[in-house]
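For the sequence shown, our numbering puts the final residue at 673, and the numbers step up evenly by one. Beta carbons are placed, not taken as given, at the ideal position from N, Cα and C, and that holds for glycine. These notes are about the structure you will find just below.
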Amino acid sequence: MNKTIISTPDAPQAIGTYSQAVRAGDTVYLSGQIPLVPATMQMVEGDIAAQVRQVFDNLSAVAKAAGGSLNDCVKVHVFLTDLVNFPVVNQVMAEYFVEPYPARAAIGVAALPRGADVEVDAIMVLG
C-alpha cells in the first residue's frame, strides 16, 4: 500500500520522528496536535478554551492539506491532563464540527509534550 506524507506550514512542524499526517488509501491519520502556534512554535497564550481552539486550528490545517476537513474525521482522541476541562472541549468542538459528529475518546493523562494541557489526534476518511 502506498503512503503519502501530509505536511503544511499552516500547522506546527513535527518536533520528533513523526509526520503531521499520513494518508493510506482514503484514510488519513492525523498526528496529535498540542496548542502550538505554527508561526512561532510556542504554546498559545490563554485559558484552556484558547488551547483547545489552537489544537483544532492545527488539526484543521493538516486536514485541509490532506484534501479534507475536520468534518471528514471519523475518530478523534482527546488527551487531557485534567478531565475537569472536558466540558470546554465539548463546547469548542461544537465550533469546529457539525453533525454527524465523529466517534471520540477522552483520555486523562499525567502529562503531555511541552507542558500542554490538551492534545488531539484524529482519523479522517476521504472520498
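Minimum C-alpha distance to A585 - residue among A652, Y575, D603, T573: Translated into positions along the sequence shown, residue 585 becomes position 39. For the residues A652, Y575, D603, T573, the minimum Cα distance to A585 belongs to D603.
Nearest to D572 (by Cα), restricted to the options A612, P558, V635: As a working mapping, residue 572 is identified with position 26 in the sequence shown. If we check each option's Cα against that of D572, A612 comes out closest.
Option nearest L582 by Cα separation, candidates N636, Q637, P555: Sequence index remark: in the sequence shown, residue 582 carries index 36 (1-based). Of the candidates N636, Q637, P555, the one whose C-alpha sits nearest the C-alpha of L582 is P555.
Closest by C-alpha distance to R650, when choosing among L629, V620, Q559: Along the sequence shown, read from residue 1 onward, the residue named residue 650 stands at position 104. Scanning L629, V620, Q559 for the CA closest to the CA of R650 turns up V620.
Residues of its chain near V644, where Cβ-Cβ distance is below 8 Å and the 5 sequence neighbours each way are ignored: The residue labelled residue 644 in the question sits at position 98 within the sequence shown. N617.
Buried/exposed call for R569, threshold 16 Cβ in 10 Å: Counting from 1 along the sequence shown, the entry for residue 569 is found at position 23. With 16 or more other Cβ atoms within 10 Å, it is buried.
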